[in-house]
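Report on the following structure.
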Amino acid sequence: MEEWAANPQWWLSNAVSTIMGILLAAALPSLYRRATIGFRALMGRTKGRIQKAYKSLKLKRLKRVKALRFDSVAIHRRIAFSYAMLILFMVVGIATIVLLLILPPGMGSTRVAFVVGMFAAIPALGFEIAWLRASSQVDDLLKFRARIKPTRRSLR
């Protein structure tokens, strides 16, 4: 244990990793904002099938929000479902880590351990995707709830 604590390379790599993590966490909101603005500008200038598909996805999302905007029970149900997926994701993620920690040390090679880890992480990945989809739907519902105004037959 004292070998790695006395190793200056270990301390240097951890310090650099920490600094890079802090800088990346500070820069992510600005990078995300710039990327979304650039993507919207790019999609606004496209023609043909790409623009039609982009506008179709946007219209579907707005219609889904419009159908549920004043139904508070449905909104609360979506919020509860999002939290349930988050809890399932966290439980399965922790269980995956525990499974990897209790693997027998004589597994043979690192390839076998890698394959076991990959298959053990598939349920966690599935619950993460389900949670992210549910969370983004709730965010859309709350974001567009007051912005969608009823017009004749179209959405504004």
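Residue numbers (the working numbering): 2 to 157. The C-beta atom is built at its ideal place from N, Cα and C for all residues, glycine as well. Owing to the predicted nature of the structure, the values given are computational and were not obtained by experimental measurement.
Query, Result
"Status (buried if at least 16 other CB within 10 Å, exposed otherwise) for residue 35", "exposed"
"Beta-carbon contacts of residue 79 that lie in its chain and below 8 Å, excluding the five residues immediately before and after", "69, 135, 138, 139, 142"
"Separation of residue 126 from residue 72, as counted between CA atoms", "31 Å"
"8 Å contact criterion, which residue 82 and residue 128 should meet: CB distance rounded", "12 Å between Cβ atoms; not a contact."
"Ranges of the alpha helix (DSSP H) found wholly within the region 41-105, counting only runs of at least 4", "50-69, 73-102"
"Length of the line joining the Cα atoms of residue 58 and residue 103", "45 Å"
"Cβ separation of residue 131 and residue 97, assumed to be a contact under 8 Å, to the nearest whole Å", "Actually they are not in contact, since the Cβ atoms of residue 131 and residue 97 sit about 16 Å apart, beyond 8 Å."
"Nearest-angstrom beta carbon gap, residue 92 and residue 124 [assumed within contact, 8 Å]", "With a Cβ gap of about 10 Å, residue 124 and residue 92 do not count as contacting."
"Residue 99 classed as buried or exposed, judged by whether at least 16 other C-beta atoms fall within 10 angstroms", "exposed"
"Which of helix, strand or coil DSSP assigns to residue 18", "helix"
"Status (buried if at least 16 other CB within 10 Å, exposed otherwise) for residue 86", "buried"
"Alpha-carbon spacing of residue 55 relative to residue 117, whole angstroms", "39 Å"
"Distance CB(residue 115)-CB(residue 63) smaller than 8 Å", "no"
"Three-state secondary structure (DSSP) of residue 134", "helix"
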